[in-house]
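S.K.: All residue numbers for the sequence shown refer to our numbering, where the first residue is 122 and numbers rise by one. Below is the structure I would like to discuss, written out as structure tokens.
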Amino acid sequence: MDNALEAGWLAERIQDRTIKGIALATAALIGSGAIAVGVQLPAVRELAGLLDVSPATVSAAWGQLRRQKVIAGAGRNGVWVCGNIVTPRPVRFEAIGNFGDNIMADLTLAAPDPAYLPDLREALLRGGRAINLNSYRREPISQVLQQAIAPRWPYPAEAYLAADGGFDAMYQTLQTLIMPGAPVAIEDPTATRLLDMLDNVGADIIAVPCDGQGPTPAGLEAALRRSPVAFIYQPRTHSTTGHTVSRQRADDMAHLLRACATLIIEDDGIGELSAHPVHSLGNIYPQRTVHVRSFSKAYGPDLRLAVISASSDIIRRIQSVRNFGASWTSRILQEAVAWMMTDGITQQTLAAARHCYAQRRRALLRALAQRGVVLPDRDGLSIQIPVPSEQYALVTLAAHGIAVMPGKRHSIGPSRFIRVSTSLLEADRVELVADAIQLACRHGDDNTVQ
122 MDNALEAGWL
132 AERIQDRTIK
142 GIALATAALI
152 GSGAIAVGVQ
162 LPAVRELAGL
172 LDVSPATVSA
182 AWGQLRRQKV
192 IAGAGRNGVW
202 VCGNIVTPRP
212 VRFEAIGNFG
222 DNIMADLTLA
232 APDPAYLPDL
242 REALLRGGRA
252 INLNSYRREP
262 ISQVLQQAIA
272 PRWPYPAEAY
282 LAADGGFDAM
292 YQTLQTLIMP
302 GAPVAIEDPT
312 ATRLLDMLDN
322 VGADIIAVPC
332 DGQGPTPAGL
342 EAALRRSPVA
352 FIYQPRTHST
362 TGHTVSRQRA
372 DDMAHLLRAC
382 ATLIIEDDGI
392 GELSAHPVHS
402 LGNIYPQRTV
412 HVRSFSKAYG
422 PDLRLAVISA
432 SSDIIRRIQS
442 VRNFGASWTS
452 RILQEAVAWM
462 MTDGITQQTL
472 AAARHCYAQR
482 RRALLRALAQ
492 RGVVLPDRDG
502 LSIQIPVPSE
512 QYALVTLAAH
522 GIAVMPGKRH
532 SIGPSRFIRV
542 STSLLEADRV
552 ELVADAIQLA
562 CRHGDDNTVQ
């Protein structure tokens, strides 16, 4: 084939014949343009023979490039160069989509309304009075913050670590605990950024389907047969579906996890904006549960603060990885959040925010119900809406000036839903949005845009 790369040419340019060496040399050739986008790479066995390595070595090298979205394809159809930006990046998070220039209501980002975030001025003044301010001592967490969160934590944790936001906490946790190629079970759908992180660390992702109470027992049981090293789920107010894990479902999951050594990673991304308590598995398995709580959505995104709890050993391991970079989280921000957690005015602001987001969500749900689209009222900053065709729904909504998130960004397998943010949905646009969603839901596969 004219666009197939000659194996001998590539083999001559690879000096280091390890997995890393093969991946780096090929990536450099792609990045420089020596191997163009659209070119088919040599067959694994042919290149392995020329390099005198096992086919598994070449396959693993291709796997690293595939995770960086530089190559695509597998098996008999071959492997092709599909991009020339050879940099690990959160592809799902970045590629939300181009909806055109006529968008009047961007409902892709499920973010808090700045008008309902606490005033930080007094909190930052309090944080600036931290006793050990400007110390280079690498403390896992401020004593003041630990004292503030401990009574609110869903289980009596052995150790805590402050991090620079929820996703930073999750990324540090996954980098530390997940080895490349390790099987990891995660609820499906899930947060876009979590799937990007798992791709980047090279995990073998196992989907666990969800229902209105959380990961299904049958789905988790099936996933556990593959002996995953970790199971990741959101214990309350799921970022995509809005569901919260019930006490009964938590008990069911605990029963299934009893006979294995799988790590349990709980991602409480919405934190104190949730209307529900957390039924943490840390109450049953404290030594193998990692609980991550973000404070960004409740107290402010620029605070960049989250807390990780786990066993002392796991916290030490995550801290060791953090020492390659920032080492610790700003004590000013830690103590600012600690003060806000006990400040009456701040807590009133949080209560008002929960009420506002519930009103906005329910306004759209009522409008949809009036149009025959009946959905459960769960919790959170968005709603999940099943559609016959995601592509048709996106095009239909964009034609009406509305942008939403496709389900495929949140899913491991096939999906047929959209996620519509309601936290910033203005009252005067609810009817417009509901009309467009009705059209997107009414049309079936016969109208799917290919």
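Note that the Cβ used here is the ideal one computed from N, Cα and C, for glycine as well.
1) Quick one: Cα of Leu319 to Cα of Val516, how far?
2) Can the beta-carbon of Ala283 be found less than 8 angstroms from the beta-carbon of Leu426?
3) What runs of the alpha helix (DSSP H), each 4 residues or longer, lie entirely inside the region 474-561?
4) By the DSSP assignment, the alpha helix (DSSP H) with Arg443 in it spans what residues?
5) Cβ of Pro356 within 8 angstroms of Cβ of Val399?
6) According to DSSP, is Val200 helix, strand or coil?
7) Would you kindly work out how many angstroms separate the C-alpha atoms of Lys141 and Ser544, rounded to a whole number?
8) With contact counted as at least three CB pairs below 8 angstroms, one residue from each stretch, are the region 549-565 and the region 509-526 in contact?
9) Let's test the definition: count the other Cβ atoms within 10 Å of the Cβ of Ser395 and tell me whether it reaches 16, buried, or not, exposed.
10) Does any C-beta atom of chain B lie closer than 8 angstroms to the C-beta of Gly390?
11) How would you call Gly159, buried or exposed, if buried means at least 16 neighbouring beta carbons within 10 angstroms?
12) Just to confirm, are Ile385 and Leu377 a CB contact at a threshold of 8 angstroms?
13) Please check the pair Ile353 and Asp388, which I expect to be a contact at CB under 8 angstroms, by giving their CB distance rounded to whole angstroms.
14) Can you give, in chain order, each stretch of the beta strand (DSSP E) that sits fully within the region 273-353 and has at least 3 residues?
15) Give the DSSP bridge partners of Gln161, in chain order.
16) For Asp549, count neighbouring C-beta atoms within 10 Å of its own C-beta (all shown protein chains included) and say buried if the count is 16 or more, exposed if not.
17) Tell me the DSSP secondary structure of Leu587 in three-state form.
18) Is the beta carbon of Gly248 closer than 8 angstroms to that of Ser415?
M.R.: With the structure as the only source:
1) 29 angstroms
2) yes
3) 511-520
4) Ser433 to Arg443
5) yes
6) coil
7) 44 angstroms
8) yes
9) buried
10) Given the protein chain composition of this structure (a single chain), no chain B is represented.
11) exposed
12) no
13) 6 angstroms
14) 280-284, 304-309 and 325-332
15) Ala125 and Trp201
16) exposed
17) Because the chain spans 122 through 571 in this model, residue 587 falls outside it and cannot be assessed.
18) no
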